[in-house]
Amino acid sequence: MRTIWAPIILIVLFATPMIHLAFAAETPGEYVNRGQEIWNLFFRMMTIAFVVGGVIAGTIVWQVWRFRESNPKAKPTPYEDKGDL
């Protein structure tokens, strides 16, 4: 089921703006400002990238805070008790 979502997401992110750009000029004489369309696509992708990066950075900070050695709930593993490290 997971392999189906990747192509769907790629189609939505890349093909939809291209189709919209192709049909943007409805009557002859209307022109599409490609620079503006490229900037809009760049801005949309950067917004998504920053959100994903923030979630990943937050997860890493949470993992470091959760599994630190000074955590009061932390107890040594059986290997650490024996001194086999």
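Numbering follows this note's numbering, with no gaps: position 7 of the sequence shown is 7. Note that CB positions come from ideal geometry on N, CA and C, so glycine has one too.
Straight-line CA distance for residue i to residue j?
i	j	result
ILE4	LEU10	11 Å
SER70	THR77	14 Å
GLN36	PHE43	10 Å
ILE38	MET18	10 Å
VAL52	VAL32	31 Å
ILE48	TRP65	26 Å
ARG34	ALA15	16 Å
VAL12	PHE67	38 Å
GLU80	GLN63	21 Å
ILE60	PHE50	15 Å
Please state whether DSSP places residue i in a helix, a strand or coil.
i	result
LYS82	helix
ASN33	coil
PRO17	helix
ALA6	helix
ALA74	coil
For the alpha helix (DSSP H) containing residue i, name the first residue and the last one.
i	result
ILE11	First-last for ILE11: undefined, no H or E at that position.
PHE67	First-last for PHE67: undefined, no H or E at that position.
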